[in-house]
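Presented below is the structure to which this report refers.
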Amino acid sequence: MKKKIFAVAAVIISSQLQAQEDTTARSLNEVVVTATKSSIKQSQTGKVITVIDRATLDRSMGKDLSQLLTEQAGLVVNGATSNPGKDKSVFLRGAKNDYTVILINGLPVTDPSGVTGAFDLRMLPIDQIERIEIVKGAQSTLYGSNAVAGVINIITRKGGGKAAQLTGNFSAGSYNSYKANLGLSGSADKLSYSIGFIHNESDGISEAKDTLPAKTYDKDGFNQNGVYVNMDGEVLPGLHIKPWFRYNRFKGGYDNGAFSDDASRYSASLLSAGAAAQWNFTNGSVVAQYGYDEINRNYFSATYNSNSLFEGTSKIAELYATYKLSEHFKLLAGIDHRRQTSTDSNAHITSPYLSIFAQNLFVQGLNIEAGGRYNNHSRYGDNFTYSFNPSFLIKEKVKIFANLATAFRAPALTELYGPFGSNPDLKPEKSTTYEGGVQTQLGLLDLRAVYFNRHTKNVIIYGPAFSYINLDKQKDHGFEIEPTLQINKNLQVKMYYAFVDGDVTTKVNGKDTSYFNLLRRPKHTFGLTANYQLTKHLFVSTNIYNYGKRTDIFFNNTTFTSSPVELGSYLLWNFYAEYAFIPNRLKAFVDVKNILDKDYYEVYGYGTQGLNLMGGIQFKL
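Each residue of the sequence shown is one higher than the one before, counting from 544 in my numbering.
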């Protein structure tokens, strides 16, 4: 039975210098768009932002998107180093997978056919991406439901340049893995375009951990094909129309559970299409955009000899405007409408929002952002989210900032009406996040240090009675420290240490009971990366990541009982090298992962990749 829910709410490396810089840029002069929906320097906003630029992505052709994201401070992607085709879960600052919103070119994307509605990272190959901006902390005021822990904005490749340009890469590696990408981009008159095709395949490893002496478990491989088209046409002075189209098909094998081999298969497809119109004028801009996503999944269980089909569509229409009121004030006002449909249910939300940004207010360097979003939900009633974000820049070198923001998450369609443990009486989750920190740009040493505290009410979990339930409240806190040493123009060392802890409180026999519930999420993570431009042609990089102990729940498929287990800590050492035969035109690369061949668990009872590598060539004609 369908139920309706209503709501009201808001260049390959371009130069040799760029080749010598790395990985995630945290410079105060870095211009970002996700923090305010318009261009702004990091020095002018107090939000915690990490940027993964084009140069870094060009050095990540031996990875997938989940492996790149899990290298960032405070962000763990569970499944990133398991079987290549396994599903992935994003844990940003220890939050649940569905507390992080994935944006593509600024528009939220979801998967109504999935268990929690979270977007499937496997459906977006890294080859289609131009840039990534990660904004931590509650962002529901700008981006609506689910933006409890933050947003990850994936900006896809755009056209440019006067002549047509052919780009591509071909690589091969462990587990009979192969990847190919071809792209064509350029411009003609007032039209720019970017068109591409990707193919990924791998025999993979057994998804379930094979503990038998004979090692007889079969491999669970995957195969993926995709196309993308991005266009930008200036139809009138200052008015741009930007249509896009993306299609990805992914299929592979999966096992019956922890330590349990099976010959089950699955396939999934994602079709995305839409357009944006942007009018730029002297004191601001107006953007109108529409996006449509259609996801189809088919699971065949060899154990039960049965098929399960899941379908979902997501539509979003948004209109917003930014206007510079004066030298010190800028206004953002917008409204969006979202509709989601799954196999047997649907929901829609309409959300107006308003934010004001004050720069150099009262004194030089003082910036303040404040905003609100009104939500009127026919099932859950009214709620309001807000954000307040002051920051102070000292001599263009040191930024001190604080954040107070609220967020909400409406239950996913599958949690309300799905076939597995659904509960139509679920309440929406509501949270408040407090942040404070400092960021410096001192030349030799740059540093960012942040403390956060997140309180969430009505936390939704899959309970012991095999159904979704609300718990009373969740409290999480932690901090991140990110120093970067620019030893000279050719040598850079980046480090981070992140800590997160939390517990949930609920009633047991009439009494409040608290317990740790950050399953599969380490309290402690550490990373170190060294990048060295040895010569004009040779670049090398090595990194070490350490993940602390974690707790998981083991579900026994034979007895249908669950029990807690401890997952040991592990350390991964990786190495990357590239040689540019023709700088900015032709290079060869090799990406070696898990050099020490560590054996560990990301999920109890499921295998992980040992020593493995990918190597290939990348060109631009």
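Glycine is no exception: its CB is placed at the ideal position from the N, C-alpha and C atoms. None of the values given here were measured: they were computed from a predicted structure.
Between the alpha carbons of residue 742 and residue 908 lies a distance of about 48 angstroms. Taking the C-beta atoms as reference points, residue 703 is found no nearer than 8 angstroms to residue 720.
Under DSSP, residue 786 takes part in a beta bridge, and its partners are 818.
Residue burial annotation: residue 1123 is buried, with at least 16 other C-beta atoms found within 10 angstroms of its C-beta.
Residue ranges of uninterrupted beta strand (DSSP E) with 3 or more members, entirely inside the region 822–888 and ordered along the chain, are 827–844, 849–867, 872–885. Close CB contacts of residue 817 within its chain, under the 8 angstroms cut and outside five residues either way in sequence, are with 650, 786, 787, 832, 833, 834, 835 (chain order). Sequence-distant partners of residue 842 (beyond 5 residues in either direction) whose C-beta falls short of 6 angstroms from its own C-beta, in its chain, are 809, 851. Comparing C-alpha distances from residue 830 to each of 1037, 1077, 648 shows the shortest one belongs to 648. DSSP places residue 610 in the uninterrupted alpha helix (DSSP H) bounded by 608–612. In the three-state reduction of the DSSP assignment, residue 805 falls in the coil class, being assigned neither a helical nor a strand state. Distance between residue 972 and residue 1036, taken at the CA atoms: about 40 angstroms.
As DSSP reads the structure, residue 1026 sits in a beta bridge with 990. C-alpha of residue 999 to C-alpha of residue 710: approximately 46 angstroms in a straight line. Residue 737: member of the beta strand (DSSP E) spanning 734–745, first to last residue. Apart from the 5 residues on each side of it in sequence, residue 587 sits with its Cβ closer than 7 angstroms to the Cβ of 902, 910 in its chain, given in chain order. Out of 594, 750, 658, 1137, the CA that lies nearest to the CA of residue 962 is found in 658. If you look at residue 683, you'll find it in the alpha helix (DSSP H) that goes 683–686. When Cβ pairs closer than 8 angstroms are counted between the two stretches, the region 1062–1076 is seen to touch the region 1031–1047, the count reaching three or more. Across the set 866, 893, 888, 867, the C-alpha of 893 shows the shortest separation from the C-alpha of residue 879. Residue burial annotation: residue 991 is buried, with at least 16 other C-beta atoms found within 10 angstroms of its C-beta.
Within the same chain, Cβ atoms closer than 6 angstroms to the Cβ of residue 1139 are found at 1116, the five residues on either side in sequence being excluded. Assignment of beta-bridge partners to residue 948 by DSSP yields 930, 976.
In the three-state reduction of the DSSP assignment, residue 1073 falls in the strand class. Shortest Cα-Cα distance from residue 717 to any of 654, 761, 627 involves 627.
Counting along the chain, the unbroken alpha helix (DSSP H) around residue 598 starts and ends at 597–601. At a Cβ-Cβ threshold of 8 angstroms, residue 983 and residue 950 do not count as neighbours. The closest CA to that of residue 706, considering only 671, 697, 727, is found on 727. Looking at the DSSP output, residue 1149 bridges to 751. Residue 941 and residue 987 have their C-alpha atoms some 14 angstroms from each other. For residue 960, no beta strand (DSSP E) run applies; the uninterrupted alpha helix (DSSP H) run containing it begins and ends at 956–960, by DSSP. The beta carbon of residue 1118 sits closer than 7 angstroms to the beta carbons of 1085, 1135, 1138 from its chain, once the five residues preceding and following it are set aside; these are given in chain order. Judged by DSSP in its simplified three-state form, residue 799 adopts coil rather than helix or strand. Rounded to whole angstroms, the separation of the alpha carbons of residue 1157 and residue 791 is 22 angstroms. With 16 or more neighbouring CB atoms inside 10 Å of its own CB, residue 928 falls in the buried class. By DSSP's assignment, residue 713 forms a beta bridge with 723, 1160.
For the 8 angstroms CB-CB criterion, residue 619 and residue 1065 form a contact.
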